[in-house]
Amino acid sequence: MGRHLKAIDTVPATARPLVRRTRRRVKPAHFLFGFSAAFAFVLVTVVDPYSGATASPYFQIAGSTTDGGPAQAVLVAGSYTNTITRDGYAVTDKPKPVPVVIPAPKKTQSFIAPSAAVPDPGSAQAYAYDAVAARGWGEDQYNCLVSLWQKESGWRVNAQNGSSGAYGIPQALPGSKMATAGEDWATNAGTQIEWGLGYITGRYGTPCGAWAKSQASGWY
Numbered sequence: 010m011g012r013h014l015k016a017i018d019t020v021p022a023t024a025r026p027l028v029r030r031t032r033r034r035v036k037p038a039h040f041l042f043g044f045s046a047a048f049a050f051v052l053v054t055v056v057d058p059y060s061g062a063t064a065s066p067y068f069q070i071a072g073s074t075t076d077g078g079p080a081q082a083v084l085v086a087g088s089y090t091n092t093i094t095r096d097g098y099a100v101t102d103k104p105k106p107v108p109v110v111i112p113a114p115k116k117t118q119s120f121i122a123p124s125a126a127v128p129d130p131g132s133a134q135a136y137a138y139d140a141v142a143a144r145g146w147g148e149d150q151y152n153c154l155v156s157l158w159q160k161e162s163g164w165r166v167n168a169q170n171g172s173s174g175a176y177g178i179p180q181a182l183p184g185s186k187m188a189t190a191g192e193d194w195a196t197n198a199g200t201q202i203e204w205g206l207g208y209i210t211g212r213y214g215t216p217c218g219a220w221a222k223s224q225a226s227g228w229y
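Using my numbering, you'd call the opening residue of the sequence shown number 10 and step up by one each time.
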């Protein structure tokens, strides 16, 4: 066998049959058709990636239903508003009882003067008793007048307040005011009483009104 192979190898090249290789030219029309078909397939795949698979009986597009129910809608890259409705409620606290404060009755101050003693005849209080009756006032007004001027001057004609300068039975301030009732205002009890009763009538109405003011504030 070895010899046989060697004999074949020694065959001259000129004795070998010539094998002519020919190139097959691709026609332009065929090339254009193939390119168009490939491009169309790629384009269809990009635009509708499911177009090539819808022929399968087992293929379903995501989100589809087979029971005829409503299809789901998917919104991509969009804005949405999620509205949550809650049942309203109100919290009502039990009202606390409000204590009713009943104000205590105000204490009424009694400014009733005590009963005055029967004045001595010819005294300043005797003159005042007649002057009060002449003005139509009762015994109660006389009692208030006695208490008022007892507090102010002790019924002394020459009583003088060292700090204020008030003078006489009614403690006129200044004492010279009593000159309207008489020139003897500094020494005459009757002149001072007449001026004092005129002042009380014009300022407080009655001797008891002046007494109440004196009890409330300390002066009249």
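Ideal Cβ placement from N, Cα and C applies to all residues, glycine included.
Tell me whether the beta-carbon of residue i lies closer than 9 Å to the beta-carbon of residue j.
i: Gly-163; j: Tyr-176; result: no
i: Lys-120; j: Ala-225; result: Reading the sequence as shown, one finds Phe at residue 120 and not Lys. Result yes, Cβ atoms of Phe-120 and Ala-225 sit closer than 9 Å.
i: Gln-4; j: Ala-198; result: Nothing in the structure corresponds to residue 4, since the chain is present only between 10 and 229.
i: Val-166; j: Ala-133; result: yes
i: Asn-170; j: Leu-182; result: yes
For residue i, which residues from the same chain have a beta carbon less than 6 Å from its beta carbon, with the 5 sequence-adjacent residues on both sides left out?
i: Gly-218; result: none
i: Asn-152; result: Ala-122, Ser-124, Ala-125
Closer than 7 Å by C-beta to residue i: which residues in its own chain qualify, once you throw out the five before and the five after it? Chain order, please.
i: Gly-131; result: none
i: Ser-223; result: Leu-157, Lys-160, Tyr-229
i: Tyr-136; result: Ala-198, Gly-199, Ile-202
i: Gln-150; result: Val-141, Thr-215, Pro-216, Cys-217
i: Gly-174; result: Leu-182, Pro-183
i: Thr-196; result: Val-166
i: Tyr-67; result: With a pLDDT of 49 at Tyr-67, under the threshold of 50, the modelled position of this residue cannot be trusted, and the question is left open.
Output needed for residue i: all residues of its chain with C-beta closer than 8 Å, excluding positions within five of it in sequence on either side, in chain order.
i: Ser-156; result: Ala-122, Pro-123, Ala-125, Trp-220
i: Gly-147; result: none
i: Ile-178; result: Ala-133, Trp-158, Glu-161, Ser-162, Trp-164, Arg-165, Val-166, Ala-168, Ala-198, Gln-201, Ile-202, Gly-205
i: Tyr-138; result: Pro-128, Tyr-151
Tell me whether residue i sits in a helix, a strand or coil according to DSSP, three-state version.
i: Gln-180; result: coil
i: Gln-224; result: helix
Just mark residue i as buried or exposed, buried being the case when its beta carbon has 16 or more other beta carbons within 10 Å.
i: Gly-227; result: exposed
i: Val-107; result: exposed
i: Gly-205; result: buried
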